[in-house]
Every structure is written in C-alpha cells, then in structure tokens.
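J.: Using our numbering, read the sequence shown as starting at 235 and increasing by one per residue.
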Amino acid sequence: MDRIQEYSWTQMAGNWAEKQMDLSCFKRGQTGLPKEHIRRFFEVPELTQGQVHTVTIRYGGREYDARIRIMANGGARLEWTGELQREIRERFPVIHRAFARGNDPGNTPVMIFEKVNHLYFEVSFRKPYHYDYDKSELRDNLQIREEAYTKEGKVIYVQHRRRERNSRIIKQAIERAQDLYGTLACEICTFDFAKRYGKEGEGYIEGHHKRALKSYDEEGEDTHVDDIALVCSNCHRIIHRRMPWKTVEEMKAIVNGLSS
Ligand SMILES: [Zn+2]
Ligand SMILES: [Zn+2]
C-alpha cells in the first residue's frame, strides 16, 4: 500500500503506522487518533463517548497498558501509562526538556506502532525522515539528539545482522527452500548465486528477518521460518540502506517497476 498521511500520522503498511511526536506525547503521554485511517488502523470498535478500549504496548521488551478513549467531541485518543511515559522521557531527555520549558525542540522523534493484533502493538522510535541537516544542527542540543538517534539506528542494524548471521531459523528456511524448489533464488530479484558463480555460489543466500521492528534485546526465540525472507546480498543491502527499512513487498515493487 501507499503511505497514507493523516495529520502527524503516517500509515506505512497494514500493520505499521508512525506518529511524529509532539507536545502531548511528551507532556501527557497521549496522542489523538485521526478519524479516517488511523482509527481504522487501531481498529477502535464503535465506542460511544466516554468508553474505553484497553490495549497493550510493548516497548524495549516490556509491556505497558494503554487505552483508547472516545472524547466528548467524538475524537479518539490513545493514552499510555506513566511508566511508559518515564521511559520515553528518559530516552529523549533533550526533547522532553525543551517541551517542558515551552521551547520548540525542532524535529521530534517518530513513534512507530507495529500492530501485532488489534489489542497489541509493538512500539519503537526513530528519527524523522525529512531530517533537516542545516546549520541549526550545530547547536548543542540538536547535535546531542542527532548523535543519539544515529547510535540507536546503528545498534538496531548491528543487532539485526548479528541475529541473521547466527540464526538457526534461517538455516531452516534455506533447507526448506532447497527441498521445495531445488534452488535458492532471491525472493525479490530472483538472483541465484549458484547460477551466477557455479560451485562457489552453491547453497549461498542471505536470510532477512522481516519482523525487523522487534526490540533488539530479544534474541529472536519467537521467530518463525515464515518471518525469514531469503534474499541476495544486493537486495539485502538496499533493504537496510535507509530507515525505515524496506519491506520485501516494497522491494519487489521497486525491482518490478524498474524492470518493466
Ligand atoms: Zn535480490
Ligand atoms: Zn536484514
């Protein structure tokens, strides 16, 4: 699907929406859920005014309660607990301080909601897409903030690749593909190492964990073979070239679009 923009929200895929964080996220631990798409993403049932729908947010390997409430004006709001609020403030102290002092913090982080089911959401954070690398960057607080994001992104990537290198499930996925098809071809571009490099390429392909937004301190014990995409090294590089990482479906669309 295409990205859908609704106020400060972007829906990236059926199970993935992002919120550009604002004052009410930092000050009150809540965010409005715009009517058209985002409320549908959160699958808020037909609640009447004042009714509450409880959901669970998982962040950093821990679970937090949150609720969706229908306001007097008919709007919907997601509110999370003080515990998660403290985690967010500790993670983004510079931005929190700026809001607390009534200053404009500039570019705020993006809160990513990955829907596991309508009652359960995985949350992670990243820097905004359209990050403005202008001179204001040189101001101290902005520098600190950018550095923190960059480290964060790197940590996630390094952990992701480590998981992929050591994964037992990827070996299973490779064996399964060999059993089923007798070959190992990139799921995105059909590149086949054995065809290209002969004996030297036989049995080689890379496994990519599709559920990339999982918190990086989990060691993937709950990963299933179906969570693995078998891809060539080029496609794998491009998947991870920029945040947010491309999905296999997005990559297929790119490859097919270019080749047609
Ligand atoms: Zn490929
Ligand atoms: Zn990967």
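Cβ coordinates follow ideal geometry from the N, Cα and C atoms, glycine included.
None of these values were measured; they are calculated from a predicted model.
1) Give me the DSSP bridge partner(s) of Val482.
2) Can we count Phe425 as close to ligand 1, meaning its CB is less than 7 angstroms from some heavy atom?
3) Please report how far the alpha carbon of Gln406 lies from the alpha carbon of Ile462, in whole angstroms.
4) Whose CA, out of Thr265, Phe359, Asn249, lies closest to the CA of His352?
5) Report yes if the C-beta distance between Val344 and Pro362 is below 8 angstroms; otherwise report no.
6) In the DSSP output, which residue or residues are listed as bridge partners for Leu312?
7) So, helix, strand or coil for Lys349, using DSSP?
8) By DSSP, does Tyr367 sit in helix, in strand, or in coil?
9) Decide yes or no for the touch test of the region 276 to 291 against the region 304 to 312: beta carbon pairs closer than 8 angstroms, at least 3 of them.
10) Is Glu398 near ligand 2, with its Cβ less than 7 angstroms from a heavy atom?
11) CB of His504 to nearest heavy atom of ligand 2: below 7 angstroms?
12) With a Cβ-Cβ cutoff of 8 angstroms, do Leu464 and Ala428 count as a contact?
13) So Ala251 and Ile272 are in contact, right, with Cβ under 8 angstroms, and what is the actual spacing, rounded?
14) Within the same chain, show all residues whose beta-carbon is closer than 8 angstroms to that of Arg237, passing over the 5 residues directly before and after it, in chain order.
15) Check whether the Cβ atoms of Glu348 and Phe359 sit closer than 8 angstroms, and answer yes or no.
16) How many whole angstroms separate the CB atoms of Leu418 and Gly432, which I take to be in contact at a CB cut-off of 8 angstroms?
17) Mind pulling the alpha helix (DSSP H) runs of 4 or more residues that sit fully within the region 396 to 480?
18) State the start and end residues of the unbroken alpha helix (DSSP H) segment that holds Arg273.
T.: Based on what the coordinates show:
1) For Val482, no pairing in a beta bridge is given by DSSP.
2) Relative to the non-hydrogen atoms of ligand 1, the Cβ of Phe425 comes within a distance shorter than 7 angstroms of at least one.
3) Rounded to whole angstroms, Gln406 and Ile462 show a C-alpha spacing of 10 angstroms.
4) Per the Cα distances, Asn249.
5) Going by C-beta atoms, Val344 is nearer than 8 angstroms to Pro362.
6) Per DSSP, the beta-bridge partners of Leu312 are Thr265, Ile302.
7) Here Lys349 sits in strand by DSSP.
8) Only weak support exists for where Tyr367 lies, its pLDDT of 34 falling under 50; the value from the coordinates is given anyway. Coil at Tyr367, not helix or strand.
9) Short answer: they touch.
10) For Glu398, the shortest C-beta to heavy atom distance toward ligand 2 is below 7 angstroms.
11) The structure shown does not extend to residue 504, since the chain is modelled only from 235 to 494, so the question has no answer here.
12) Taking 8 angstroms as the Cβ cut-off, Leu464 and Ala428 do not qualify as a contacting pair.
13) With a Cβ gap of about 6 angstroms, Ala251 and Ile272 count as contacting.
14) Counting only Cβ-Cβ distances below 8 angstroms, and skipping sequence neighbours, we find Thr244, Gln245, Met246.
15) The Cβ atoms of Glu348 and Phe359 lie no closer than 8 angstroms to each other.
16) Wrong, their Cβ atoms sit about 14 angstroms apart, outside the cutoff.
17) Listed in chain order, the complete alpha helix (DSSP H) runs (minimum 4 residues) inside the region 396 to 480 are 402 to 415, 427 to 431, 467 to 473.
18) Boundaries of the alpha helix (DSSP H) around Arg273: 272 to 275.
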